[in-house]
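Residue numbers (our numbering): 221 to 417. Positions of the beta carbon are idealized from the N, C-alpha and C atoms, including for glycine. Structure record follows, encoded as structure tokens.
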Ligand SMILES: Cc1cc2nc3c(=O)[nH]c(=O)nc-3n(C[C@H](O)[C@H](O)[C@H](O)COP(=O)(O)O)c2cc1C
């Protein structure tokens with residue numbers, strides 16, 4: 221699939237199945253390609269990934285379900301539980317982290333940019349998220365982007381032995397989907413683009 225086709229195809233898709241177009245090894249190779257080729261400020265490469273398949277994937281969404289159950293009144297819990305189940309039904313989940321040690325080192329090395337490094341690290345993480353999300357679309361799968369951090373950070377760290385300096389940024393369940401993304405409201409792009417010559 222060409223790049224622009226994949227850009228068009230990437231959508232937030234919430235009906236995901238436990239099926240994949242690729243073997244796990246091919247998926248981790250693709251994630252390594254994304255890590256190696258996504259840009260970062262000062263080439264700092266502060267993004268980190270965890271690829272969860274099988275029981276590990278299920279554990280992530282069990283952690284989220286339990287954490288949410290603690291804070292949502294029981295009569296309001298069923299729709300939340302159904303949403304979490306839709307993520308658990310996927311083939312796998314990619315967790316996105318940032319290595320905060322890298323950010324702190326850059327801040328002390330280049331004090332003039334101190335305030336920028338945390339922003340740049342988040343921006344770079346977003347670029348990596350986009351490569352992975354669009355990559356799944358190019359590979360015939362679908363995904364969506366979730367943010368149950370910081371609620372689940374402690375249990376995720378404990379379960380997967382995550383170094384304390386890795387900060388959870390986003391969660392991306394993925395898999396083959398039977399669903400076509402519905403049309404979305406699009407502000408006419410020309411209204412958002414200034415052109416000068
Ligand atoms: C930075 C960012 C944060 C997002 N957070 C969430 C989220 O927590 N949960 C969710 O379901 N979708 C989330 N989304 C997906 C957006 O809702 C979605 O991209 C937007 O509605 C456009 O739809 P599309 O992805 O199908 O193009 C997020 C997207 C971005 C870029």
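Assuming residue i contacts residue j (C-beta within less than 8 Å), just tell me the rounded distance between them.
i: residue 394; j: residue 311; result: 6 Å
i: residue 316; j: residue 227; result: At roughly 20 Å, the Cβ-Cβ gap does not stay under 8 Å, so residue 316 and residue 227 are not in contact.
i: residue 237; j: residue 397; result: 7 Å
i: residue 241; j: residue 361; result: 6 Å
i: residue 385; j: residue 321; result: 4 Å
What is the rounded straight-line gap between the Cα of residue i and the Cα of residue j?
i: residue 319; j: residue 234; result: 29 Å
i: residue 340; j: residue 370; result: 20 Å
i: residue 266; j: residue 352; result: 16 Å
i: residue 364; j: residue 349; result: 10 Å
i: residue 410; j: residue 375; result: 45 Å
i: residue 356; j: residue 345; result: 17 Å
i: residue 298; j: residue 332; result: 49 Å
i: residue 278; j: residue 284; result: 10 Å
i: residue 379; j: residue 407; result: 42 Å
i: residue 252; j: residue 295; result: 43 Å
i: residue 271; j: residue 416; result: 44 Å
i: residue 222; j: residue 292; result: 43 Å
Who pairs with residue i in a beta bridge, going by DSSP?
i: residue 387; result: 318
i: residue 313; result: 272, 393
i: residue 232; result: 363
Would you mind reading off the limits of the alpha helix (DSSP H) that contains residue i?
i: residue 250; result: 244 to 257
i: residue 223; result: 223 to 229
i: residue 265; result: Run containing residue 265: none; DSSP gives neither H nor E here.
i: residue 303; result: 297 to 308
i: residue 351; result: 336 to 358
i: residue 379; result: 373 to 380
Enumerate in chain order the residues of its own chain whose CB-to-CB distance from residue i is below 8 Å, with the five nearest sequence positions on each side excluded.
i: residue 404; result: 231
i: residue 263; result: none
Looking only at its chain, what residues have a beta carbon closer than 6 Å to the beta carbon of residue i, apart from the 5 residues adjacent to it on each side?
i: residue 288; result: 300
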